[in-house]
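Below is one structure, written out as structure tokens; comments come after it.
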Ligand SMILES: Cc1ncc(C[n+]2csc(CCOP(=O)(O)OP(=O)(O)O)c2C)c(N)n1
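Numbering (my numbering), first residue to last: 20 to 355.
Right, dumping it as structure tokens:
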């Protein structure tokens, strides 16, 4: 590889941690609003996956492609989504970029490289593979495309077809697998038979990177390496991070199937708390300062939610149901 990969600095770490904190507090708010009956549709949280998710979103550049999945609230914020637009989408505000039409997680800004997810597991891999091929055919260079998936999604045909095609074409695709031990209630022992998911990289002929999903430092450095390698022409890179989903599949799921041994194991630790420990132990900030950041974040998110709850909802009989891709909506969307 031509250029040296810079190590993660204190400032990189703190910037990523602040986004993790925002994401965590925002998701706690979303869970509360869901329980209070104020959110229609499902709420799927990324609690425990923030370190991995932020490490993808924050290290991509303008012009890159990011295709997040349901547990990537943190990566979305890191890639430029806002708390305001997130709350507008969940609360069905007509002023949000999805104009109150979305089922909470399919939001995106395709023209900024921020793709709206397709729910069918694995489908974003061929979508990003195709987009990268299109960019190559247009002569664009130096662009990478990253997409996230759970270990359950790696069992689909779309995962196989997309990754195989990207490997054959040597496209700059980064597939980030959050191995959170359960696909809904299906444990890993019923999901795949290889020893480690990362072994799949050998079969596809792509680069492989293993990360400790509970460690922000390790996730940042691993994703930095993977993104750099893909950008420099190394072809697709498979990143697998081991961690534990710290909540149910969605807020409707009580997670009664969780094996308590996993919760007590090393992968059961909370990446937000581990990042805070790292900051305090290195003497970068005190526990009091971190507590103040959390209070400020909570105040800001509560105020934004109160504002959004006063905004109008779409009126189904009055709404223009034309696609959001129409030029007039595109303009509004770009301005929001
Ligand atoms: C092709 C396909 N099959 C089934 C589903 C239903 N489904 C939605 S999420 C989910 C579990 C996903 O597990 P995993 O990929 O491990 O991601 P996690 O939810 O653990 O983050 C399933 C089975 C789907 N969306 N797409």
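Ideal placement from N, C-alpha and C gives every residue a C-beta, glycine not left out.
- Taken atom to atom, the span from the alpha-carbon of residue 36 to that of residue 291 is near 8 angstroms.
- At least one heavy atom of ligand 1 is found less than 7 angstroms from the C-beta of residue 139.
- Taking each of 340, 260 and 160 in turn and checking the Cα distance to residue 80, the smallest one comes out for 160.
- Residue 181 has its CB no nearer than 7 angstroms to any heavy atom of ligand 1.
- Remark: three or more beta-carbon pairs, one from each stretch, lie closer than 8 angstroms, so the segment 142-154 and the segment 172-181 are flagged as touching.
- Of the heavy atoms belonging to ligand 1, at least one sits nearer than 7 angstroms to the Cβ of residue 203.
- In terms of side-chain proximity, the C-beta atom of residue 209 is found no nearer than 7 angstroms to any non-hydrogen atom of ligand 1.
- Comparing alpha-carbon positions, the option among 65, 170 and 51 lying closest to residue 59 turns out to be 51.
- Sixteen is the threshold: since fewer than 16 other Cβ atoms of the shown chains lie within 10 Å of the Cβ of residue 214, the residue is exposed.
- Relative to ligand 1, the beta carbon of residue 69 is positioned no closer than 7 angstroms to any heavy atom.
- For residue 248, there is no enclosing beta strand (DSSP E); the enclosing alpha helix (DSSP H) covers residues 235-250.
- In its chain, beyond the 5 residues on either side, 200 have a beta carbon closer than 6 angstroms to the beta carbon of residue 207.
- Ranked by Cα distance from residue 31, the first of 321, 330, 319 and 294 is 294.
- In this structure, residue 94 sits near residue 72, with a CB-CB distance shorter than 8 angstroms.
- The residues 27, in chain order, have a CB closer than 6 angstroms to that of residue 240 in the same chain once the five nearest residues on each side in sequence are set aside.
- Residue state for residue 172 is assigned as helix, using DSSP reduced to three classes.
- Going by C-alpha positions, residue 329 is about 13 angstroms away from residue 321.
- The beta strand (DSSP E) runs of length 3 or more contained entirely in the segment 89-170 are, from start to end of the chain, 164-169.
- One alpha carbon belongs to residue 243, the other to residue 283, and they sit about 29 angstroms apart.
- Following the DSSP letters along the chain, one finds residue 310 in no beta strand (DSSP E) but inside the alpha helix (DSSP H) bounded by residues 306-328.
- When rounded, the separation of the alpha-carbon atoms in residue 343 and residue 135 is 12 angstroms.
- Around the beta carbon of residue 158, a 10 Å sphere encloses fewer than 16 other beta carbons of the protein chains shown; the residue is thus reported as exposed.
- Under the three-state reduction of DSSP output, residue 205 falls in the strand class.
- Annotation for residue 299: the continuous alpha helix (DSSP H) segment containing it runs 290-300.
- A distance below 8 angstroms between beta-carbons, with the five flanking residues on each side excluded, links residue 104 to the following residues of its chain, in chain order: 115, 116, 126 and 355.
- Closest in C-alpha terms to residue 138, from the list 265, 245, 88 and 189, comes 88.
- When the Cα atoms are used, residue 326 and residue 110 turn out to be separated by approximately 11 angstroms.
- For ligand 1, a non-hydrogen atom lies closer than 7 angstroms to the CB of residue 168.
- Relative to the Cα of residue 255, the nearest Cα in the group 150, 171, 154 and 193 belongs to 193.
- Sequence-distant Cβ neighbours of residue 64 in its own chain, meaning closer than 6 angstroms and more than five residues away, are 46 and 266.
- Within the chosen limit of 7 angstroms, ligand 1 reaches the beta carbon of residue 175 through at least one heavy atom.
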